[in-house]
Structure formats: C-alpha cells, structure tokens
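One gets the working numbering by counting positions in the sequence shown from 1 and adding 58 to each.
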Amino acid sequence: MAFYCWGNTAHGELGLGGIEEEQVMVPRKMDWMHAKEIARAACGASHTLLLTNDGKMYSCGNNDHGQLGHDVESLPNKRPRMSRFKLLTALENYIITQACCGTAHSLALTNWGQVYSWGSNAVGQLGQETDTTRQIIPRLIRSIAAKQVVQIAAGHYHCLALTNSGELYAWGSNAYGQLGLGMTNEKVSTPTLVQSLAGVPIAFIACGGNHSFAVSKSGAIFGWGKNTFGQLGLNDLNSRQFPTQLRTLRSLGVRYVSCGDDFSVFLTAGGGVFTCGAGTFGQLGHGSCNNEILPRMVFELMGSKITQIACGRRHTLAFVPSRGKIYGFGLSGVGQLGIGIVGNYNTPQIVRGPWLKTDSQPNDPDRSALCNVPQGIVNRIFSGGDQCFVSMFADEDSDDYRLYDKQSQILTFSVQMSEELAAIKPDDTVELDLMSAVETIFKSLACINGSLLLPNDEHFCCTSKHPGVDMVAATEAFEQVRKIEHESLRQLIRDSITTDLLGSLLPSPADVETLRAYLLLPLYHEFCNPKHYQLLHAPFSISVRRLQKIPYEIVARWWSLQSRDYFERLVECCKSVVLYIVRFKMPKAVTDREEWHVLRPDEHLMAMLDLMAILYWINHTKREQKLAYEQFHIGEIAELVDLQQDYYRWTLDSTGQSFALCNYAFIFNGAAKMLLLQTDQVLQMHKAIHTPTANSILPSLFFPSIPVAQQFIVLNVTRENIVEDTIRELSQYGANDLKKPIKIKFFGEEGEDAGGVRKEFFMLLLRDILDPKYGMFKSFDESRTIWFTEDYFEGDAGMFALIGILCGLAIYNFTIIALPFPLALYKKLLGEEVDMSDLRELMPTVARSMQSLLDYNEPDMADVFQLTFSTTRDYFGELQTIPLKPGGEDLRVTQDNKQEFVQLYIDYVFNKSVEKSYRQFHDGFMRVCGGRVMQLFKAHELMEVVVGNEEYDWVALEENAEYKNGYSSSDQPIRWFWEVFHELPLEEKKKFLIFLTGSDRIPILGMKAIKILIQPTPDDKFLPVAHTCFNLLDLPQYKTKEKLKYKLLQAIQQNQGFNLV
59 MAFYCWGNTA
69 HGELGLGGIE
79 EEQVMVPRKM
89 DWMHAKEIAR
99 AACGASHTLL
109 LTNDGKMYSC
119 GNNDHGQLGH
129 DVESLPNKRP
139 RMSRFKLLTA
149 LENYIITQAC
159 CGTAHSLALT
169 NWGQVYSWGS
179 NAVGQLGQET
189 DTTRQIIPRL
199 IRSIAAKQVV
209 QIAAGHYHCL
219 ALTNSGELYA
229 WGSNAYGQLG
239 LGMTNEKVST
249 PTLVQSLAGV
259 PIAFIACGGN
269 HSFAVSKSGA
279 IFGWGKNTFG
289 QLGLNDLNSR
299 QFPTQLRTLR
309 SLGVRYVSCG
319 DDFSVFLTAG
329 GGVFTCGAGT
339 FGQLGHGSCN
349 NEILPRMVFE
359 LMGSKITQIA
369 CGRRHTLAFV
379 PSRGKIYGFG
389 LSGVGQLGIG
399 IVGNYNTPQI
409 VRGPWLKTDS
419 QPNDPDRSAL
429 CNVPQGIVNR
439 IFSGGDQCFV
449 SMFADEDSDD
459 YRLYDKQSQI
469 LTFSVQMSEE
479 LAAIKPDDTV
489 ELDLMSAVET
499 IFKSLACING
509 SLLLPNDEHF
519 CCTSKHPGVD
529 MVAATEAFEQ
539 VRKIEHESLR
549 QLIRDSITTD
559 LLGSLLPSPA
569 DVETLRAYLL
579 LPLYHEFCNP
589 KHYQLLHAPF
599 SISVRRLQKI
609 PYEIVARWWS
619 LQSRDYFERL
629 VECCKSVVLY
639 IVRFKMPKAV
649 TDREEWHVLR
659 PDEHLMAMLD
669 LMAILYWINH
679 TKREQKLAYE
689 QFHIGEIAEL
699 VDLQQDYYRW
709 TLDSTGQSFA
719 LCNYAFIFNG
729 AAKMLLLQTD
739 QVLQMHKAIH
749 TPTANSILPS
759 LFFPSIPVAQ
769 QFIVLNVTRE
779 NIVEDTIREL
789 SQYGANDLKK
799 PIKIKFFGEE
809 GEDAGGVRKE
819 FFMLLLRDIL
829 DPKYGMFKSF
839 DESRTIWFTE
849 DYFEGDAGMF
859 ALIGILCGLA
869 IYNFTIIALP
879 FPLALYKKLL
889 GEEVDMSDLR
899 ELMPTVARSM
909 QSLLDYNEPD
919 MADVFQLTFS
929 TTRDYFGELQ
939 TIPLKPGGED
949 LRVTQDNKQE
959 FVQLYIDYVF
969 NKSVEKSYRQ
979 FHDGFMRVCG
989 GRVMQLFKAH
999 ELMEVVVGNE
1009 EYDWVALEEN
1019 AEYKNGYSSS
1029 DQPIRWFWEV
1039 FHELPLEEKK
1049 KFLIFLTGSD
1059 RIPILGMKAI
1069 KILIQPTPDD
1079 KFLPVAHTCF
1089 NLLDLPQYKT
1099 KEKLKYKLLQ
1109 AIQQNQGFNL
1119 V
C-alpha cells in the first residue's frame, strides 16, 4: 500500500518532513514508516489527522490552538513543515474508528462509541461544558459518554454526532443556525439533541464550513445553517435554523455528501455528482464561476460512475474507478488540484497521479517521473482545507463511499436478529450486548423506521405510494418475536415499545420515513392481546388520531395498500379491544328486563372506536381489496349494551359531541340496526301521539268520533282502485302520523292485518304504480331495474312523492317491498356519491363503453371515438342533443378530458336528468324517514331494509321452522315436505316464499328472520293453505310424497286473498 499527498503544506499539514516547499503541486508519495498502515485521513484548515488500521491516531500541521492533541512542549516551535506525523499518546490505549477536523479543533470516535475532542474551544466546539478557550489533550465529551456514537462530523466551528439509536447531537457555533436547533446564537457548549429530526433513520451526516447535512436511509436529504451562496440547495439564499429537506434530490437516492466552505457536493446511488453553493473558484465544476442555489449535475462527469467525492475549502475531488482516474476542479492556488498548475478550473481536471495508466505526456518530466512508479489502485481519497491525500493498494478493490460501513449505522431490526432471539431458550443467559441492542431498537423510533426495508435500494424515494418496507420480511420477523420464550426478552420488548417508542410518535413528523412505525407496530403480536390496551392499543390509536393532515393521509394510504390479511388483522385487533373494554371495564346495571354494561366516556374506548372509524373509511374509500362491511360489525355489542338507551341519548345530542356508540354505526350488524329502527319508530310514534298536528286536529272538529291521536294509521282501500284510495287515505295524515305503524283494510275482506295483509297491500300498490301506463319510470331490461324518467306529465309529480312515502312506510313497518331501483337510489337518499359501479348496475353495456373509453390510451382517441361533451335522448319520438356542460356539443372528448366526460355523464344520468322527479320522491321519503336513524345505515343496508336481498339459505329456513298442533320434525309428512321443497327449482322456491310470506325477498337479518309455522289439517283433499299474516302453513297429512308435491305446487300458484285463522 502507498499513500500520496498534495496541496498546501505551509504548516506541515502534509507531514512530508524535510522539505522546503510550501506547496506540493502534484501527488507525492509519503515516505513515512506508517504510510502503509493508514486507513483514513481527516483534514482541517491547516492540520491533518491520520488513522491507522489498528486504530492509532497521528497528527501533523498547525498546533496554535492545540488541535494536534500533543503536549506543546514536545513539538518543535520552528519550521513546522519540516515535521512529520506524530502519535497521539493520549489516545494510544483506545481503538479509534473515525476522526474529523474543524478549523482549529479535532474529534475522535472510539470503538466504544465515545467521542474525544481537543483544540480550540472559542465557541464551545469541543462540547466540554467548560469556559477554557482551548484543550491541548484529547478529552472525553462526558454529556454523550453514555451514548453509543456511530458517526461524527465537524464544520469550521461546530460538530455533529449520530448515536446508534438515531439521535443527532450538535454543539459549537450557531451563528447561522448550523446546529439545527431552531435558533441562532454565538455558541452551544453542550451536545444538544436535534429534536426536529426525531424518528428519521439517519444514515449519513456531513458538515460544511457553517452548514450541515443529514441523509436518511432512503435518500431524504436535510440541510441547515448558512445558505448565503445557496449551499443548502433549497432554491434560495435564506439560512435555515431547522433541518429543511432538499426535495429536488429525493428521487435520485443521494448516499454521500461532502462540503467545502460554502458549497456542497452530493453523490447519488447511481454514481452521479450534483453540486450547489459558491462557485467563484469553479469548485462546482459546471464550466462557470456562478453560484448555484439548486443542486446541479456536473455535466463533465456524466456517463462516469463516481464512487468517491471529497471537498476542500474551495475545491472538489471525484474518483471514477472504471477509468482509475481522480478528477479535481476549483481553486488550485497552492496545488490542491494536483495538476501541477496554479489557477482556478471550473471543469473537472485529471489529477496527475501514479494511478493513471496511459495519460503521460512524453515531454513532461514530472509526468514521466510519476509513471515510473508502479501502478496501483486507488483505495480512498481525502480532502480538507487546501490539502489532499490518496491511499493506494496494489490489487484490492477501491472503496465505495455509497456503501455504508455497518459500524457507522444506527441499529436496526432484521429477520436474522428475530430468529436469533427466538432461538434463545427460556433459561439461557442473554448476552448483554444483545439485550442492549434489543432495548435500543425497540425504544427508538428512528431504529424502527430504518428496519426491515426493501432490499437492493428498492426502499429509496419513500413516498405516500411507496413506504419502502419489506412487509414479507417484517411479518416473518414479528412472527419470530411472537415465538420468543425468554421472559426477560419478551418483557424488554414490550416495555420498550409501550414506555418509549409509542411516546415518541409525533403529530407532525419531519419526513415520510418517520411514519413506517405505523406499518410495523400492528405486526407486533401483543396487538392481538386486548389486555394491554391502555399501554399499547390506545396510545397507538391516539397517535394516529393526532397526526396532521398530510402524515395522516400518508398512513391511511399505506394501510390501504397492505394485504387483506394485514388489514383484516388490524380491524380484528380493534374489535377485540372494544369488546374487552366494554366487557371488563364498564360497570353493570340491572334493569327490570336485563343486565347491561353502562357506557361511560372513556378515552381508551373512544380512541379504539376512532381508529376503527379510520380503518372503515380507508376500507371503503381507498382499498381495492375491500373487506366486507360485515367485518366491521361487532355483533356481541347488542348483547352487552342497551343500544336503545344509547340511541335515545344520541338523538338528544344534536351537536354530535357526546359519546355514543351510534356515532360509530359501522359496528352495528343488521339486527342491531333493525332494533334501533324499531326504537326510532317507538320514539316517533310517541312523539306523534303526544304532539298531534293540525292535519289531525281539524278533522276532529268536524268528526268528533275520530280520536285525535291513534296508535295506527288505518288505510281503507279497494283492490280495484288501490292507488287512488291510498292517495286519499294518506292525505288525512301529517308527517308525524306517518311514523306510526299502518294497518290495511281491504273493502269486503275479512282478513285481519297482522302483517300479511300489509305485505300484499304494498305488493299490489307498487305493481299498479310501476305499470308502464303511468310512464313514470324507465325500465332497463338488461339489468332488470328501473329509474326515474326525464319526461312525465306535471300532474304525475305527486305520484313520485307517493312512492317515496310508500318506501318510507315500508321501512317503518318492516315490510319488504318489490321496488326494483338500483343501489344508486339509496346512495342519493343517504347523500353518498354515485359512481361508475352504479352506471354498471343500471346500464351494463353503456358502462362497458365508458370503461373502454377510460382504458384507451392511444393519442388518436378523439378520432376513434368521435365523442363530444353531449348525449342524446328520445323526447316523444324526437332525438334531442343534451350538452353535459356549457358548449359541450362543440367540445371533443380527448385523453386530457375523458375522465371529466365520464363523470359528467354519470352525473347527468343519476342527477341532472331526473332532478325534478327525484326531488318529489325524496321529499315524500323524507316525510316518513327524515329522522337521524337514517344516518346509521349505509346505502346497501337501507336497500336491504326496503327490498330485502336474495341471499337464500334454505337449510336455515328448515332449521328455524316450528311445528304445532300435533306436527313434529320427525313426522312423515314433514319429512316429505322438506324433501319436496329442497328438490324444487329456485323459481318455485321463491314462489313458495311469496305464497307463505307475501315476498320472495329475504330480510336484512337473513333467513333466520323468517320463522315459518306448520300445522296439520285432517282432510288431505284440500290444498295447503298459507296464513301470510303469521307465516303459518296448514299442511294436510298427505299419504304419499307425490300427492304432497302435486298439491303444494298447485297452492303456490294462488296467493291473493286472506282468511281468518
């Protein structure tokens, strides 16, 4: 190995000894006994530190302030350039791993992570908490002695130190805010934590003259301090007191930064070099002497993969391993570019060293002399002040500054470490270093955020769409944590997370990388244990809730991108905690009816429900792989809490500020919501009875026999004129009365309405209203649905209101009606947005055409589709063109506006074209269902309440059946009946449901809500008879299965008319 140096040596900073020159113009081999052992060099303004492979430190140069770390008496007072490097005896018992220099002070880092400082202390740059202006012997910085420091950096008069837990400490001069503490002052003598970078997994730190940089593991760059020349690269000249991110370089993956007095150089993962700041001497390499306020790529080095950079005060070096060349640019007043010529060079120049293979000039004696030296391979380049050094190997590969030394990095968690922990037996003694590492990692937000990243730099450029976490590895690592048997380790991890880590989550973190903890923590197995909710789940939930808008949206986006298993696990964890708190932490109260848990405002319960609300919103607005609504239901809640009381309190709180489960309606299943609908009906009926309206008072003045307030709405109708009769009967009632249950009386029929007559009334009425003769609705054969028509006679407007009222009445009377509207109707009623899925349900072919338009990405789209922002309709035989926006008929649909076109078309179909008719329907519906109870329902749930669903479970129908008056499930006619029934095709089964219950749809509660009763009749000559009011079937005791089947099929074709039981 050989060591070469060049540049200024007026103070002996090159340590060549025995020379008269003050400048060395080209690289010169150092003839020194320890030259072959040198591992690193650190350069100050006029002194140099050398670090050997075995951790010994040597120094040479100016010692006016004691920056060499030697006893002053032991150094020669004259001709310092004649001296050579001298061992720092004060540190000879330590293994030094890093060194750095300021203008007149020095730092050294030991393998134990302790930092020593010496030299000038004029502005507190030694961090010694002392008033002395200099320290000639290296001294431990005690305030951070208990920390494990992994990196150090020094500017002119300030210092940075990074610990293995990711904490960044700063001290020294702060005149320009270069300490990043949010203020400027003359000095800070004690290492102080840079709070604003808390949680950022820092990978590299660097200092310029009066500015500082930190680079995160995924390439985020933060700069602060002096910016008079644009050296922070922030597109302005304003100095910064806080770390500020250079967003322009984020996507390039910067790995290494080197700084001069007032300029900065960035080395990217791809080997590119960017520079900014002062360019007076050409040190930016852009072919000019202009300053740059934004990092700009060095054009002359494009096409070359740079692996090392180094900066002096006003010059820059860059190494290209593929060519074996070092390039220099900037000031060369004392030979610091190593080109043998004095001057300023604003483009890269080749440094004339022995590593060059074919660049010698035949008439250049200095160059020929260099070429006589055996060629070698550049190991590392160093620069600072006005001096430069190069270490060379004969056959080893060059170092790559883009690759970090593991010892210089913060601690991180890995699959390998998790497996090591899981392999420890319960009675084994755990190594102290391992325990310390585990504690550090799980206490530190920065360590967690830097853990389990995607391999091969795939984690670079962390964004809202790309968290950079290897979720497969993370899942495996935390699965291994679950398997840890050593109790002390388990306890240490749990305490570290709950005591320190969760408390360090900030509402407004410094960078997107600090949010990775929100992805990783839910994988911790104790999240599935609700017993820890006070220390684990609730603080986590509160932290999510406290996040500012942008970080909150990023976390939400990340969660939306996770696997179904991950997201489902998170939801289930929340549900289990909610149940645990209600079951075990809420007091009980005994009423006449049941024993309930009394809900009280509890911050932990509210935090968990709020987190569930966030997950619910993410699931239904952001995730592609959506969980079913039902997976958010907590079915047990209705058995634990008096939901009727909760609903009553909720209705009294108009502000929505009081705690009530009804604020989290997504946890209620169908049974719970139907219970609350019944509760609302009782409340509304009670209100209607006790506050009679003018509509009901006036008739009572003329017809005293009519009671002012009745418990029911009784509608007397005929089958022949059911529409007109219904309009007449309903006109007698006000809005409050419509909340009451209704009873139907068909003229001339003896059937008493216990539910079945009401079912038939709705069925017959709707069949009449929906008859095409009225022309109120447009039918879509492809989807078998209907929608409001654009063209109707003004006299029919009241009919839309009637249908709205009937729809509301069906809800409040828990009656399923056959109303073939698409889901879009219920979305509109509840204020939800309609979208492409609704168009797909109503008009599948049109929706496919729209989707093909959106999917078409060729530039000739306008010519291929020939569309404008308009649509057509048939208006009583005349084809009309309707613009979708002003001037739309002349505006072509292009790639740029196709999304807008589709949105406007959907809006036209579902909103603008049917505005008047829908408004009538809406007003009628809201006359009945205008209360807060509707806020508890989602569109699909409301649809199921109105029209039921077709989720048939015929086995459940049989299992829920009951038998009376002599029948039992084992009787032969019953067994035959179910055999025949299960053999029927689907259409015949649905006809049987209509025959028995009045409808072929299933209630929102499922098939279990249809409880049928079967009783025998003696004479098998008769058909089976259905008492629809009670879901009761009279089944004669037929002698054969064939006869039973024949009679049953005959019966289910006849389903109008009611008889008394």
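Heads up, the beta-carbon is just placed ideally off N, CA and C, and yes, glycines get one too.
Check	Outcome
Along the chain, where does the beta strand (DSSP E) containing S599 start, and where does it finish?	That residue, S599, is in no beta strand (DSSP E); its alpha helix (DSSP H) goes A596 to R604.
Have a look at W176, D893 and Y152 and flag the residue whose alpha-carbon is nearest the alpha-carbon of L962.	D893
Is T286 helix, strand or coil when you go by DSSP?	coil
Measuring only the C-alpha atoms, how far is V888 from R977?	Correcting the residue identity first, residue 888 is Leu in this sequence and not Val. Their Cα atoms are separated by approximately 13 angstroms.
Indicate the three-state DSSP secondary structure (helix, strand or coil) for R460 in the structure shown.	coil
Between the Cα of V323 and the Cα atoms of G311, L310, R308 and Q341, which residue gives the shortest distance?	Q341
Quick check: what's the CA-CA separation for G288 versus K589?	54 angstroms
I need the DSSP call for N774, collapsed to helix, strand or coil.	strand
Could you give the residue range of the alpha helix (DSSP H) that holds H678?	E661 to T679
Quick one: what's Q209 bridged to in DSSP?	L220
With DSSP as the reference, label W1161 as helix, strand or coil.	Given that the chain is displayed from residue 59 to residue 1119, the structure contains no residue 1161 and the question cannot be resolved.
What would DSSP say about N232, mapped onto helix, strand or coil?	strand
Would you tell me roughly how many angstroms separate the C-alpha atoms of K383 and T365, rounded to the nearest one?	11 angstroms
Here's the rule I'm using: 16 or more other beta-carbon atoms within 10 Å means buried, otherwise exposed. How should Y459 be labelled?	buried
Taking buried to mean at least 16 other C-beta atoms within 10 Å of its own C-beta, is W708 buried or exposed?	buried
Whole-angstrom Cβ separation of Y1021 and I1072, contact assumed at under 8 angstroms?	5 angstroms
Smallest Cα separation from C347: which of V904, P353 and G335?	G335
I need the boundaries of the beta strand (DSSP E) containing S175, first residue and last residue.	V173 to S178
State the DSSP-derived secondary structure class of F846, mapped to helix, strand or coil.	strand
What are the start and end residues of the beta strand (DSSP E) that includes G335?	V331 to G335
By a C-beta neighbour count over all protein chains shown, 10 Å radius and 16 as the cutoff for buried, is G70 buried or exposed?	buried
Less than 8 angstroms between the C-beta atoms of L237 and H214, yes or no?	no
Answer yes or no: do G386 and C101 have a C-beta to C-beta separation smaller than 8 angstroms?	no
Within a Cβ cutoff of 7 angstroms, which residues of the same chain sit near Y314, ignoring the five residues on either side of it in sequence?	F262, L325, I367, Y459 and R460
With a threshold of 8 angstroms, are at least 3 pairs of Cβ atoms found where one atom belongs to the region 464-481 and the other to the region 534-546?	yes
Less than 8 angstroms between the C-beta atoms of D1077 and K1097, yes or no?	no
Relative to the alpha-carbon of Y966, which residue among I551, S223 and W845 has its alpha-carbon at the smallest distance?	W845
How far does the alpha helix (DSSP H) with P902 in it reach, from first residue to last?	P902 to D913
Tell me, which residues are paired with L722 by DSSP?	First, the amino acid is wrong: residue 722 is Tyr here, not Leu. DSSP output for Y722 lists no bridge partner at all.
Tell me which residues share the same chain as A752 and place their Cβ nearer than 8 angstroms to its Cβ, disregarding the 5 neighbours each side in the sequence.	For A752, the predicted structure reports a pLDDT of 40, less than 50, and the residue's modelled location is therefore unreliable. A value from the coordinates is still provided. Counting only Cβ-Cβ distances below 8 angstroms, and skipping sequence neighbours, we find G792.
Could you name the residues that DSSP lists as bridge partners for V378?	K383
Inspect the beta-carbon positions of V527 and L511 and report whether they are closer than 8 angstroms.	yes
Going by the beta-carbon positions, is the gap between S554 and F598 smaller than 8 angstroms?	no
If you run the structure through DSSP and keep just helix, strand and coil, what is F959?	helix
According to the neighbour-count rule (16 or more other Cβ atoms, all chains shown, within 10 Å of its Cβ), is A452 buried or exposed?	exposed
Under three-state DSSP, which class holds A1019?	coil
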